[in-house]
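Residue numbers (the working numbering): 130 to 333.
Glycine included, each C-beta is placed from N, C-alpha and C at the ideal position.
This report concerns only the one structure given below.
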């Protein structure tokens, strides 16, 4: 991991902004709408099989502004960190990665989910995003466990998570309603390297 990725680790900013030489993760803003709308619109057929059914107003500016407000509230309350992913060189929107369902207390865990615009898929962007998000989760949020759930047929996503150090744990039956149908999901997880004997090591 390059030194630039860890610039944010000295202290947790009020608004997280994670940067590497090639990528950036930050919270959504109102002025992201045009890029977000175009990328989601053009990627609809690509994304829909793996996401909940889109509402009729899914791509409207009003719905996006409500999403930005909700994302900010979730972050401020400690429930989630909903990032958008950009290329560093030109600040082009590539996709999104959300750290959600943050649980404290005895759990100290979270769930991650992500999406990638069709034109940017298969180019290593989401793997790069995970390399930024994983240290943030373990070192800044100080969580113990990261979970991710994937439809078993989504082999590319499962391979991505395994490459990033996640391990399969089992099958969740009819876990989420995706594209109008209740779908089974494979559960994968990665543990903090502070956990004894877990075999997970953060990349350096």
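How big is the Cα-Cα spacing for residue i and residue j?
{"i": "residue 223", "j": "residue 158", "result": "15 Å"}
{"i": "residue 137", "j": "residue 315", "result": "Any reading at residue 137 needs caution, since the residue's pLDDT is 38, under 50, leaving its predicted position unreliable; the model's value is listed next. So the alpha carbons of these two residues sit roughly 32 Å apart."}
{"i": "residue 151", "j": "residue 175", "result": "24 Å"}
{"i": "residue 180", "j": "residue 168", "result": "15 Å"}
{"i": "residue 170", "j": "residue 248", "result": "12 Å"}
{"i": "residue 153", "j": "residue 232", "result": "25 Å"}
{"i": "residue 293", "j": "residue 253", "result": "11 Å"}
{"i": "residue 142", "j": "residue 210", "result": "In this prediction, residue 142 scores a pLDDT of 49, lower than 50, which makes its location untrustworthy; the coordinate-derived value is nonetheless stated afterwards. Rounded to the nearest angstrom, the two C-alpha atoms are 12 Å apart."}
{"i": "residue 310", "j": "residue 243", "result": "19 Å"}
{"i": "residue 291", "j": "residue 194", "result": "34 Å"}
{"i": "residue 313", "j": "residue 250", "result": "24 Å"}
According to DSSP, residue i sits in a beta bridge with which residue or residues?
{"i": "residue 307", "result": "310"}
{"i": "residue 146", "result": "155"}
{"i": "residue 216", "result": "152"}
So, helix, strand or coil for residue i, using DSSP?
{"i": "residue 160", "result": "helix"}
{"i": "residue 257", "result": "helix"}
{"i": "residue 153", "result": "strand"}
{"i": "residue 97", "result": "The structure shown does not extend to residue 97, since the chain is modelled only from 130 to 333, so the question has no answer here."}
{"i": "residue 235", "result": "coil"}
{"i": "residue 185", "result": "coil"}
{"i": "residue 315", "result": "strand"}
Examine chain B for any beta-carbon lying closer than 7 Å to the beta-carbon of residue i, and answer yes or no.
{"i": "residue 185", "result": "The chain inventory of the structure shown lacks chain B, comprising one protein chain alone."}
- Query: Quick check: the segment 253-272 against the segment 181-195, are there 3 or more CB pairs under 8 Å?
  - Reply: no
- Query: Can at least three beta-carbon pairs, one atom from the segment 234-249 and one from the segment 194-206, be found at a separation below 8 Å?
  - Reply: no
- Task: With a floor of 4 residues, list each alpha helix (DSSP H) that falls wholly inside the segment 245-299, ordered by position along the chain.
- Result: 254-264 and 284-292
- Message: I'd like to know if the segment 285-297 and the segment 212-221 are in contact, where contact means that at least 3 CB-CB pairs between them fall below 8 Å.
- Response: no
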